[in-house]
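Enquirer: Residue numbers (my numbering), protein chains in the order written: chain U, 29 to 180; chain R, 3 to 130.
Heads up, the beta-carbon is just placed ideally off N, CA and C, and yes, glycines get one too.
All figures in this text were calculated on a predicted structure; none of them were measured in a lab.
1) Of the residues 59/R, 117/R, 24/R, which one's Cα is nearest the Cα of residue 143/U?
2) Considering only C-alpha positions, which residue in the set 93/R, 113/R, 62/R is nearest to residue 24/R?
3) What residues are listed by DSSP as bridge partners for residue 152/U?
4) Going by beta-carbon coordinates alone, are residue 119/U and residue 94/U separated by less than 8 Å?
5) For residue 74/R versus residue 102/R, is the C-beta distance shorter than 8 Å?
6) Keeping to the same chain, check which residues put their C-beta closer than 7 Å to that of residue 38/U; ignore five residues upstream and five downstream.
7) Return the chain-ordered list of same chain residues with a C-beta closer than 7 Å to the C-beta of residue 69/U, the five sequence neighbours on each side being excluded.
8) Do the region 5 to 20 of chain R and the region 42 to 55 of chain R meet, that is, are 3 or more Cβ pairs less than 8 Å apart?
9) Which first and last residues belong to the beta strand (DSSP E) in which residue 56/R is found?
10) Counting only beta-carbon atoms, is residue 16/R nearer than 8 Å to chain U?
11) Would you list the one or two residues that DSSP bridges to residue 22/U?
12) Should residue 70/R and residue 104/R be called a contact, given that it needs their Cβ atoms to be closer than 8 Å?
13) Alpha carbons only, please: which of 107/R, 115/R, 38/R is nearest the one belonging to residue 85/R?
14) What did DSSP end up calling residue 130/R once you bin it into helix, strand or coil?
15) Where residue 40/U and residue 34/U are concerned, what is the direct C-alpha to C-alpha distance, given to the nearest angstrom?
16) Step through the CB atoms of chain R and report whether any lies within less than 8 Å of the CB of residue 74/U.
17) Would a check of beta-carbon distances place residue 98/U closer than 8 Å to chain R?
18) Alpha carbons only, please: which of 48/R, 47/R, 37/R, 4/R is nearest the one belonging to residue 28/R?
19) So is residue 86/U buried or exposed if we call it buried at 16+ other beta carbons inside 10 Å?
20) Does the distance from the C-beta atom of residue 89/R to that of residue 128/U stay below 8 Å?
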């Protein structure tokens, strides 16, 4: 599968996972709607995989999306304290599920992968990922979200 | 008879999501016991019987595979059906786990119907 197809596949997986796991609908984000570097208040997580091949997926989302996703996943109000506390957990789990669904779509359902534990990204990483030309940008309930993939 | 179910995952949020999904199945559930990894699950299983265990694979300290192995090595725990709940989608991995005796595999994201069906497959129906 070439890089363009992988990007399309990833976008499709993200849309399905966000809808099925977090009841969040996504849409392609217009270039003109992308946040400006240095002005985007975002939280990021990454997950590294190994086995059949190695790589890392990273996800950044506008702050506030994490609470929204957690609230949806838990069936509670977005303003509830539980939603705020569990937002980062929700981002990590969404990334985890995206990776788990992306890899079989790209490599088939036979290869075995070892998925690492999702980790919070340092803010210093944001600009690099925002400028990744292969990044997949989506809009999710009014929040910008970007995914990047590094594959070995 | 209502079910006692154990949910094993290192994420408190995900355990809460699974518990919420269990509540949406319509099945009679007496108690949902949370464990944050395989070691925690084994400690709790030594003190309390559960009808079925749902466990993630990828957890720190004692992961899901080691949990299955440890339960298989215990005369009483080996009777408890274990269902893997995971994001991993490799059929090769699933087959390896089935050879260890797991009773089901739920690939995330899963629906209340999917978790209900695996409970009924393993524990049978209930008297309403």
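Expert: Looking at the atomic coordinates:
1) 59/R
2) 113/R
3) According to DSSP, which records beta bridges pairwise, residue 152/U is partnered with nothing at all.
4) yes
5) yes
6) 130, 164, 175, 177
7) 90, 91
8) yes
9) 54 to 57
10) yes
11) Because chain U in this structure spans residues 29 to 180, residue 22/U falls outside the shown range and cannot be described.
12) yes
13) 107/R
14) Low confidence applies here, because residue 130/R scores a pLDDT of 46, under 50, leaving its location unreliable and the question unanswered by this model.
15) 10 Å
16) no
17) yes
18) 4/R
19) buried
20) yes
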